[in-house]
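**Student:**
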Amino acid sequence: MIERSEGTTGPLRVVFMGTPEFAIPSLAATVDAGHDLRLVVTTPPRRAGRGRSVRRSPIDLFAEDRGLVVATPESLKDPVFLRQVVDCEPDIICVVAFRILPPELYEIPKLGSFNLHGSLLPRYRGAAPINRAIMAGDTTTGVTTFFLKRRVDTGGIILQRTMSIGPTMNAGELHDEMMVLGAAAVVDTLTLVGDGLTEGDPQDDSEATPAPKIGPADLSIDWRRPASEIANQVRGLSPRWGGLTMYGSERWKIFSFRQLDEPRELPPGELLTVGDHLFVGTGDGTLEIIELQREGKRRMDAAPLLRGFSGGLAGCFTDPDPE
Numbered sequence: 000m001i002e003r004s005e006g007t008t009g010p011l012r013v014v015f016m017g018t019p020e021f022a023i024p025s026l027a028a029t030v031d032a033g034h035d036l037r038l039v040v041t042t043p044p045r046r047a048g049r050g051r052s053v054r055r056s057p058i059d060l061f062a063e064d065r066g067l068v069v070a071t072p073e074s075l076k077d078p079v080f081l082r083q084v085v086d087c088e089p090d091i092i093c094v095v096a097f098r099i100l101p102p103e104l105y106e107i108p109k110l111g112s113f114n115l116h117g118s119l120l121p122r123y124r125g126a127a128p129i130n131r132a133i134m135a136g137d138t139t140t141g142v143t144t145f146f147l148k149r150r151v152d153t154g155g156i157i158l159q160r161t162m163s164i165g166p167t168m169n170a171g172e173l174h175d176e177m178m179v180l181g182a183a184a185v186v187d188t189l190t191l192v193g194d195g196l197t198e199g200d201p202q203d204d205s206e207a208t209p210a211p212k213i214g215p216a217d218l219s220i221d222w223r224r225p226a227s228e229i230a231n232q233v234r235g236l237s238p239r240w241g242g243l244t245m246y247g248s249e250r251w252k253i254f255s256f257r258q259l260d261e262p263r264e265l266p267p268g269e270l271l272t273v274g275d276h277l278f279v280g281t282g283d284g285t286l287e288i289i290e291l292q293r294e295g296k297r298r299m300d301a302a303p304l305l306r307g308f309s310g311g312l313a314g315c316f317t318d319p320d321p322e
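With numbering that gives the first Met the number 0, the residue at position 16 of the sequence shown is 15, and numbering never jumps.
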């Protein structure tokens, strides 16, 4: 491990690890705070999109623009890569939206390694904390920085910052607000660690809840569920996936609803068109569909979509995977 003399003050020597857009404000804030960015580590370029063109990660592009040194190892256990990190003589490794680090990597700096997580740990340990918080109907969430240890998302908490989840906020909107809050938390964490903090507050495992990555089963809308639960599900899946339902043999996606103060009474899944408005029944009331997408078509508001159906949309949405 790299030695750092006791009482050393000033900028920290930082190795930063991240991949998506979420990590950019944290990297920018670390640089702007005057820390010594020795290395930025991100995923290698990958083929993506319909044209299967090679694309570099958002962090890779941002780091190049800032003139930072970048490493894109295929394996975090590669001896050549590990030697590169050791040669940087980092005081700290900062991880924001990256892969799981092996101990031989996160144990290199004497001051330790920490991660920024998008929840108030120990709630929502896992890959999809932003989505899961909204899907559960939470009204408060936040970010946590914690020291890395072998069990994922279980290390000692350094600091937490809270934020509200608005009643109509979707996962994309929460993501964008959280990455700004997270950047401030990263800079504050670097200050605390530089001032001598070596151990965080232990997490209470009995209060832990999981946040597994979003899978196919999470997308399907069961119209028999309460309206509020369906609305939360769709908010938590939007704008990336949306909720999935069937209209006849077509797979449709729903991206947003409006909950009614005085809901119309419709059976679960049944559709009702009133002018430019589209309503659907649930297990305990009715939702107005605001934005949706037919299979093979572009996303649109309900009003222009309805104009493509003579007499409006009628019939029933059904579960993609009925029991």
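Where a beta carbon is used, it is the ideal one built from N, C-alpha and C, also for glycine. Because the structure is a prediction, the values reported are computed rather than measured.
Thinking C-alpha only, which one of T317, F316, A302 is nearest G310?
**Tutor:** Sequence index remark: in the sequence shown, residue 310 carries index 311 (1-based). Of T317, F316, A302, the residue nearest in Cα terms is A302.
**Student:** State the Cα-Cα distance for the pair F256 and G165, rounded to the nearest angstrom.
**Tutor:** Stepping through the sequence shown from its first residue, residue 256 is reached at position 257. Stepping through the sequence shown from its first residue, residue 165 is reached at position 166. C-alpha separation (whole angstroms): 14 Å.
**Student:** If we ignore side chains and look at the alpha-carbon of each, how far apart do F80 and L26 end up?
**Tutor:** If you number the sequence shown from 1, residue 80 lands on position 81. If you number the sequence shown from 1, residue 26 lands on position 27. About 20 Å.
**Student:** Does the distance from the C-beta atom of L180 to that of T143 stay below 8 Å?
**Tutor:** Against the sequence shown, residue 180 aligns to sequence position 181. Against the sequence shown, residue 143 aligns to sequence position 144. Cβ distance not < 8 Å, so L180 and T143 don't count as in contact.
**Student:** Which residues mark the beginning and the end of the beta strand (DSSP E) in which L277 is found?
**Tutor:** In the sequence shown, the residue the question calls residue 277 occupies position 278. Where L277 is concerned, the enclosing beta strand (DSSP E) stretches over 276-280.
**Student:** Which class does L75 belong to by DSSP, given the choice of helix, strand or coil?
**Tutor:** As a first step, residue 75 is located in the sequence shown; it is residue number 76 there, counting from the start. L75: coil per DSSP, three-state reduction.
**Student:** When DSSP builds the beta bridges, which residues end up paired with Y246?
**Tutor:** Taking the first residue of the sequence shown as position 1, residue 246 is located at position 247. For Y246, which the question treats as bridged, DSSP gives the partners E249, F316.
**Student:** Rounded C-beta distance between G284 and A226? I'm assuming under 8 Å.
**Tutor:** The residue labelled residue 284 in the question sits at position 285 within the sequence shown. The residue labelled residue 226 in the question sits at position 227 within the sequence shown. The Cβ separation is near 5 Å, so the contact holds.
**Student:** How many Å lie between L158 and L270 at the Cα?
**Tutor:** Numbered from 1 along the sequence shown, position 159 holds the residue referred to as residue 158. Numbered from 1 along the sequence shown, position 271 holds the residue referred to as residue 270. Approximately 47 Å, taken between the alpha carbons.
**Student:** Give me the residue from G9, I23, I220 with the minimum Cα distance to H174.
**Tutor:** Locating residue 174 in the sequence shown gives position 175, where the first residue counts as 1. Of the candidates G9, I23, I220, the one whose C-alpha sits nearest the C-alpha of H174 is I23.
**Student:** Using the rule of at least 16 other Cβ atoms within 10 Å of the residue's Cβ for burial, across every protein chain shown, is L243 buried or exposed?
**Tutor:** Locating residue 243 in the sequence shown gives position 244, counting from the first residue. Counting Cβ neighbours within 10 Å, L243 comes out buried, since at least 16 surround it.
**Student:** For G307, which three-state DSSP category applies?
**Tutor:** Looking up residue 307 in the sequence shown gives position 308. Three-state DSSP puts G307 in coil, outside helix and strand.
**Student:** Can you round the beta-carbon distance between N125 and A210 to whole angstroms, since I take them to be within the 8 Å contact cut?
**Tutor:** Within the sequence shown, residue 125 is the residue found at index 126, counting from 1. Within the sequence shown, residue 210 is the residue found at index 211, counting from 1. The amino acid at residue 125 is misidentified as Asn; the sequence shows Gly. So it is a contact: roughly 4 Å between Cβ atoms.
**Student:** Determine the direct distance from the alpha carbon of E287 to that of M330, and round the result to whole angstroms.
**Tutor:** Given a span of 0 to 322 for the chain in the structure shown, any question on residue 330 remains unanswerable.
**Student:** So, are the CB atoms of I91 and V13 less than 8 Å apart?
**Tutor:** The residue labelled residue 91 in the question sits at position 92 within the sequence shown. The residue labelled residue 13 in the question sits at position 14 within the sequence shown. In this structure, V13 lies closer than 8 Å to I91 by Cβ.
**Student:** Helix, strand or coil for L141? Go by DSSP, reduced to three states.
**Tutor:** Mapped onto the sequence shown, residue 141 falls at position 142. At residue 141 the sequence reads Gly, which differs from the Leu that was named. Strand, per DSSP.
**Student:** Go through its chain and collect everything with a Cβ distance to A182's Cβ below 6 Å, but skip five positions before and after it.
**Tutor:** Sequence index remark: in the sequence shown, residue 182 carries index 183 (1-based). For A182, where only same-chain residues beyond five positions count, the Cβ hits under 6 Å are P24, S25, A28.
**Student:** What does the alpha-carbon distance come out to for the pair T139 and P78?
**Tutor:** What you label residue 139 is simply residue 140 of the sequence shown in a count that begins at 1. What you label residue 78 is simply residue 79 of the sequence shown in a count that begins at 1. Going by the C-alpha atoms only, they are around 42 Å apart.
**Student:** So, for A207: in the same chain, excluding its five sequence neighbours on each side, which residues have a beta-carbon less than 6 Å away from its beta-carbon?
**Tutor:** Counted from its first residue, the sequence shown places residue 207 at position 208. Same-chain partners within the cutoff: P121, R124.
**Student:** If you count every other CB in all the chains shown that lies within 10 Å of the CB of F146, and 16 or more means buried, which is it?
**Tutor:** Position 147 of the sequence shown, counted from the start, is the residue given in the question as residue 146. With 16 or more other Cβ atoms within 10 Å, it is buried.
**Student:** Sorted by chain position, which residues of the same chain lie with C-beta nearer than 6 Å to G154's C-beta, five sequence neighbours on each side aside?
**Tutor:** Locating residue 154 in the sequence shown gives position 155, counting from the first residue. These residues qualify, in order along the chain: F145, F146, L147, K148.
**Student:** Output the residue ranges of the alpha helix (DSSP H) runs that lie fully inside the stretch 167-200 and measure 4 residues or longer, sorted by chain position.
**Tutor:** You should have 170-193.
**Student:** What number of angstroms, rounded off, separates the C-alpha of V85 from the C-alpha of G66?
**Tutor:** In the sequence shown, counting from the first residue as 1, residue 85 sits at position 86. In the sequence shown, counting from the first residue as 1, residue 66 sits at position 67. If you take the alpha carbons of V85 and G66, they lie about 21 Å apart.
**Student:** Is the CB-CB distance between G117 and I129 below 8 Å?
**Tutor:** Here residue 117 is taken as the residue at index 118 of the sequence shown, counted from 1. Here residue 129 is taken as the residue at index 130 of the sequence shown, counted from 1. In this structure, I129 lies closer than 8 Å to G117 by Cβ.
**Student:** Taking the beta carbon of D204 as the centre, do at least 16 other beta carbons fall within 10 Å, making it buried, or is it exposed?
**Tutor:** In the sequence shown, residue 204 corresponds to position 205, counting from 1. By the neighbour-count rule (16 or more Cβ atoms within 10 Å), D204 is not buried but exposed.
**Student:** Under the three-state reduction of DSSP, which class applies to I99: helix, strand or coil?
**Tutor:** Within the sequence shown, residue 99 is the residue found at index 100, counting from 1. I99: coil per DSSP, three-state reduction.
**Student:** Can you list, in chain order, the residues of its chain with a C-beta nearer than 6 Å to that of G282? Leave out the 5 residues immediately preceding and following it.
**Tutor:** To locate residue 282, count along the sequence shown from 1; it is residue 283. Answer for G282: R223, R224, P225, P267, listed in chain order.
**Student:** Nearest-angstrom Cα distance between W251 and M16?
**Tutor:** Position 252 of the sequence shown, counted from the start, is the residue given in the question as residue 251. Position 17 of the sequence shown, counted from the start, is the residue given in the question as residue 16. Straight-line Cα distance between these residues: approximately 37 Å.
**Student:** Have a look at R160 and P44 and give me their C-alpha separation to the nearest angstrom.
**Tutor:** Looking up residue 160 in the sequence shown gives position 161. Looking up residue 44 in the sequence shown gives position 45. For R160 and P44, the distance between alpha carbons rounds to 33 Å.
**Student:** Does the Cβ-Cβ distance between R37 and C87 come in under 8 Å?
**Tutor:** One-based indexing of the sequence shown puts residue 37 at position 38. One-based indexing of the sequence shown puts residue 87 at position 88. Taking 8 Å as the Cβ cut-off, R37 and C87 qualify as a contacting pair.
**Student:** Between the stretch 186-203 and the stretch 105-115, do at least 3 Cβ pairs fall closer than 8 Å?
**Tutor:** A contact exists between the stretch 186-203 and the stretch 105-115.
**Student:** If you measure between the beta carbons of L75 and R98, is that distance less than 8 Å?
**Tutor:** Against the sequence shown, residue 75 aligns to sequence position 76. Against the sequence shown, residue 98 aligns to sequence position 99. Result yes, Cβ atoms of L75 and R98 sit closer than 8 Å.
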